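Peer 1: Under the UniProt record's numbering, the sequence shown has 735 at position 735, and the numbering climbs by one with no breaks.
Quick reminder that beta carbons are idealized off the backbone N, C-alpha and C, glycines included.
Keep in mind that this is a model prediction, so the values were computed, not measured.
Let me give you the structure first, and then I'll get to my questions.
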Amino acid sequence: MKITHIHSAPVTEKPQDVDPVCGMEVKPDSPYQMQYEGRMYYFCSEHCLHKFKAHPEQYRKQPTVEQVNLNPDSGVMYTCPMHPEIRQDHPGSCPKCGMALEPEQPQLEKEDNPELRDFQHRFWFTLPLTVVVTLLAMFGHRAELFSMTTQSWVELTLSIPVVLWAGWPFFTRWAQSILHRNPNMWTLIGTGTGAAFIYSAVATIAPDIFPVSFQSMGRVAVYFEAADVIISLTLLGQVMELKARSQTSEAIRLLMGLAPKTARKIYPDGTEEDIPLSHVHVGDVLRIRPGEKVPVDGVIVDGSSTVDESMLTGEPIPVSKKQGDKVIGATMNTTGALTMRSEKVGSQTVLAQIVNMVAQAQRSKAPMQRMADRIAGHFVVTVVLVAVITFFAWGLFGPPATGWEYGLLNAVAVLIIACPCALGLATPMSIMVATGKGATRGILFRDAAAIENFRKVNTLIVDKTGTLTEGHPVFEQAIPAEGFEKNEILRIAASLDQGSEHPLARAIVDAARLNGLLLEAVSGFETISGIGVKGLVSGQQVLLGNTTLMEQMKVETLALRSNAERLRTEGASVMYLAINQKLAGLLAVSDPIKASSFEAVKSLSESGISVIMATGDGLTTAKAVGKKLGISEVHGEVKPADKLALVESLQQQGYVVAMAGDGINDAPALAKADVGVAMGTGTDVAMSSAPVTLVKGDLRGIAVARALSEATIANMKQNLMFAFVYNALGIPLAAGVFYSATGMLLSPMIAALAMSLSSVSVITNALRLRRE
């Protein structure tokens, strides 16, 4: 399969290859290469080479997000908007419903839809013929331009291009629906127009085989105008529908367009050059000038500025950035100049993952759609039977002179007006618009089921660290025991914590270095089952951890216990320090509550959602944070299994539970909850376990997601109701059930117009979600 990049490479003397890990273009003379299963792979760096060696199958088969092909004939997978399980590597029509297949992922630029262009061509070239045939049918006998027999031949001649050329795609899909035994809208359209045209053609060529009762005004009645108008109106409806459907992917197309085309690279010798974004590698140093977009994800190594992240996170206020802070690709640098080091490129960037997740969600099928699918599966067969009954009922029991004529027209009208296209489009169009809308607000839905289920949530379990709090603890104070000094306590604790990656440990180490304390080497460092650490510092046995660790190691903490309890009630995490089995002091580290958490908890409570905190932190500290936020039910010192058990317990009590978290320890509960919500600022494991991700990690997004879920489901129900009511009223009217009471019949041409407008109205209603 040939893959074409969005960002094309400049012409070079040597051919280019593609790094299978990051998608970057590399030359075959790259020093980083590896042969696997008979093929040579080339890499842009040693980092990518090692990643490929570890998991070759993962990178060998899956193209990256920016490797999505812009050429319809070279590698894009196509799928059906109504049946996402249908996938193929070339354009065509769905074997189940006959609808035109679309690229699984929209292109950066609005693609030139070949089917739309073809249908427009067929419509405009045959519309004059349809108009002439219709005028002849309505006024030909009055104008007396030629005999009625000659007029039938003229109508046949003019109708052949309309029906057999303009309508050929419809009859092809009709044949496919029969061969695949998947009756659909094209089964009805093809049967209806085909019956009208064949009957009229036979009546023109061999009128003598028909009874005298079939003759009218000197000829056997023909209905070329009905077949022609139905074909033209169906073409017009398809053109309108294809144009409307293209708008449902506008949000994801805008996301793809956020990425800059180039990056300014700083070389080791200090020279700078603008290079294509596809040439940026992990570890490259890049300059971002004021007013430019951040090219890829990375960390600031020099400078300070404010960065507008609203296009990805929905946060309207620019965020201050300085050395050491993370930046996201495609966000906008506003004021100062920045120098950054790239950490994630290609398909690993936040933007690429957002685009990929939105594309997947748009192609998923909502549970509500299953009901529509079951109904539509039997609907077409039922309609054909109704049309047959209509034909014979009118022929046998209708007016003697016109019964069979009415029977044919009404049967065709039943077949045309009952097309289930609106029913099939009712939910997919709403889902596509909603996922795009959510992405622009910093909310990523992994699938349609997440959107449908979110509105049912009445209980939310939230983790504390990184969810309600910033997740970046800061050192508060050290309280020494008798005989020790504050700075000495901090210095020894920081020396021990140099070997730990825990956020609390990093806060202590950073505080010691900020105070200019000289740290010593640690040996024999060991983490003790999540309750603390130990090691040798300057030949002394040092312990640092919670009360449980001190009790296990038989270190008496009574002297500082009251201080520890006071700090915990203020929301700080407390660790005791012991040297050679003797209490030396305690250290307090706090994790500031996110400013948005107060508003988020209040908003969720007002919307009827019960908020529960479950954290691995100490119960006293957890209750202190809960009190500040107004959360009454707090569970502290819980392990991953405990969080999972809490979710299961609430579900057994009949609650619909959402779980919000950002860490690996939250993953089991996120997966078990009815709706898992991962913080975009957390771990990849958490995000892969949850069907909903808040890009900014702002809990206020939950209220927004729930409102979007309610609006989407309401929109889907409106579409389904419209489709059902339309068919419930249209079929009896077309069959002539109300003829005896009203004296009115529904023309097949009016039925064709109504059928086309019904599909367009469903899509137009779905597009209203963009304004929610």
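With a threshold of 16 other CB atoms inside 10 Å of the CB of arginine 181, please say whether the residue is buried or exposed.
Peer 2: With fewer than 16 Cβ atoms within 10 Å of its Cβ, arginine 181 is classed as exposed.
Peer 1: By DSSP's criteria, asparagine 333 is part of a beta bridge. Which residues make up the other side?
Peer 2: Val307, per the DSSP bridge assignment.
Peer 1: Who are aspartate 297's beta bridge partners in DSSP?
Peer 2: The partner list for aspartate 297 (beta bridge, DSSP) reads Lys344.
Peer 1: In angstroms, rounded to a whole number, what distance separates the CA positions of serine 430 and glutamate 452?
Peer 2: C-alpha separation (whole angstroms): 11 Å.
Peer 1: How many angstroms separate the CA atom of serine 709 from the CA atom of valine 414?
Peer 2: So the alpha carbons of these two residues sit roughly 36 Å apart.
Peer 1: I think serine 320 touches threonine 331, with their Cβ atoms under 8 Å apart; what is that distance to the nearest whole Å?
Peer 2: Contact flag wrong, Cβ pair sits at about 13 Å.
Peer 1: Are the beta-carbon atoms belonging to valine 675 and phenylalanine 454 less than 8 Å from one another?
Peer 2: Contact: yes.
Peer 1: Would alanine 564 pass as a contact of valine 555 if the rule is Cβ separation under 8 Å?
Peer 2: Cβ distance not < 8 Å, so alanine 564 and valine 555 don't count as in contact.
Peer 1: Let me know the beta strand (DSSP E) ranges lying completely inside the segment 627–681, each 3 residues or longer, listed in chain order.
Peer 2: Those beta strand (DSSP E) runs which fall completely within the segment 627–681 and span 3+ residues are 633–635, 657–661 and 675–679.
Peer 1: Our contact map puts valine 601 next to glycine 630 with C-beta atoms below 8 Å; I'd like the distance itself, whole angstroms only.
Peer 2: Contact holds; Cβ gap of about 6 Å.
Peer 1: Cα-Cα, which of Glu599, Leu396, Gly298 and Ala673 is closest to valine 704?
Peer 2: For the residues Glu599, Leu396, Gly298 and Ala673, the minimum Cα distance to valine 704 belongs to Glu599.
Peer 1: When DSSP builds the beta bridges, which residues end up paired with lysine 321?
Peer 2: Note: lysine 321 sits in a beta bridge opposite Ser305.
Peer 1: Where do the ends of the alpha helix (DSSP H) carrying threonine 349 lie?
Peer 2: It is not in any alpha helix (DSSP H) - threonine 349 carries neither H nor E in the DSSP assignment.
Peer 1: For the segment 621–641 against the segment 722–738, are there 3 or more C-beta pairs whose distance is under 8 Å?
Peer 2: Verdict: no, contact absent.
Peer 1: Could you give the uninterrupted runs of the beta strand (DSSP E) lying entirely in the segment 561–634, keeping only those of 3 residues or more?
Peer 2: Segments of the beta strand (DSSP E) lying fully in the segment 561–634: 572–579, 582–590 and 610–614.
Peer 1: If I measure Cβ to Cβ from phenylalanine 170 and keep anything under 8 Å in the same chain, skipping five residues before and after, which residues do I get?
Peer 2: Once the five neighbours on either side are set aside, the close Cβ partners of phenylalanine 170 are Trp186, Ile189, Gly190, Thr193, Ile231 and Thr234.
Peer 1: How is the alpha helix (DSSP H) around aspartate 274 delimited, first residue to last?
Peer 2: Note, aspartate 274: premise wrong, no alpha helix (DSSP H); beta strand (DSSP E) at 272–276.
Peer 1: Taking the alpha carbon of tyrosine 655 as the reference point, which residue from Lys456, Ser342, Asn719 and Val285 has its own alpha carbon closest?
Peer 2: Here the closest residue by C-alpha is Lys456.
Peer 1: Under a Cβ-count criterion, where at least 16 other Cβ atoms within 10 Å of its own Cβ denotes burial, should tyrosine 267 be classed as buried or exposed?
Peer 2: The residue is exposed, with fewer than 16 neighbouring Cβ atoms inside 10 Å.
Peer 1: Tell me whether alanine 206 sits in a helix, a strand or coil according to DSSP, three-state version.
Peer 2: Of the three classes helix, strand and coil, the one that applies to alanine 206 here is coil, per DSSP.
Peer 1: According to DSSP, simplified to helix, strand and coil, what is alanine 766?
Peer 2: It is helical.
Peer 1: By DSSP, does leucine 745 sit in helix, in strand, or in coil?
Peer 2: Here leucine 745 sits in coil by DSSP.
Peer 1: Once you ignore the five residues that flank arginine 566 on each side, which residues in its own chain have a CB closer than 6 Å to its CB?
Peer 2: Within the same chain, arginine 566 has no close Cβ partners at all.
Peer 1: Between glutamine 238 and asparagine 113, what straight-line distance do the alpha-carbon atoms span, to the nearest angstrom?
Peer 2: Going from the Cα of glutamine 238 to the Cα of asparagine 113 covers about 12 Å.
Peer 1: Is it a yes or a no for the segment 331–343 touching the segment 283–303, going by three-plus beta-carbon pairs under 8 Å?
Peer 2: These segments touch.
Peer 1: In angstroms, rounded to a whole number, what distance separates the CA positions of histidine 90 and phenylalanine 119?
Peer 2: Approximately 18 Å, taken between the alpha carbons.
Peer 1: Note down, in chain order, each residue of its chain lying with its Cβ closer than 7 Å to the Cβ of glutamate 476, except the 5 sequence neighbours on either side.
Peer 2: The answer, listed in chain order, is Ala572, Ala588, Val589 and Ser590.
Peer 1: Within the same chain, show all residues whose beta-carbon is closer than 8 Å to that of threonine 620, passing over the 5 residues directly before and after it, in chain order.
Peer 2: Closer than 8 Å at the Cβ level, and outside the excluded window around threonine 620, lie Glu565, Arg568, Thr569 and Gly636.
Peer 1: Within 10 angstroms of the Cβ of threonine 348, are there 16 or more other Cβ atoms? Answer buried if so, exposed if not.
Peer 2: Note that residue 348 is glutamine in the sequence shown, not threonine. Buried, since its Cβ has 16 or more Cβ neighbours within 10 Å.
Peer 1: Check for me: the alpha helix (DSSP H) holding lysine 554 runs from which residue to which?
Peer 2: Where lysine 554 is concerned, there is no enclosing alpha helix (DSSP H), given that its DSSP letter is neither H nor E.
Peer 1: If we call anything under 8 Å between Cβ atoms a contact, is isoleucine 275 one with alanine 263?
Peer 2: Their beta carbons are under 8 Å apart, which means isoleucine 275 touches alanine 263 by this criterion.
Peer 1: Valine 299 and glutamate 343 look like a contact to me (Cβ under 8 Å); what is the Cβ gap, rounded to whole Å?
Peer 2: That belief holds up - the Cβ atoms of valine 299 and glutamate 343 are roughly 6 Å apart, short of 8 Å.
Peer 1: Under a three-way DSSP split, which group does proline 316 fall into?
Peer 2: Any answer about proline 316 is weak, because its pLDDT of 47 lies below 50 and its placement is not dependable; what the coordinates show is given next. In the structure shown, proline 316 sits in coil (DSSP, three-state: anything other than H, G, I, E or B).
Peer 1: Taking 8 Å as the cut-off, decide whether the C-beta atoms of alanine 493 and leucine 536 are in contact.
Peer 2: No, they are not a contact pair.
Peer 1: When you compare the CB positions of serine 538 and glutamate 551, do they come within less than 8 Å of one another, or not?
Peer 2: No, they are not a contact pair.
Peer 1: Quick one: grab the DSSP three-state call for alanine 201.
Peer 2: DSSP places alanine 201 in helix when its eight states are reduced to three.
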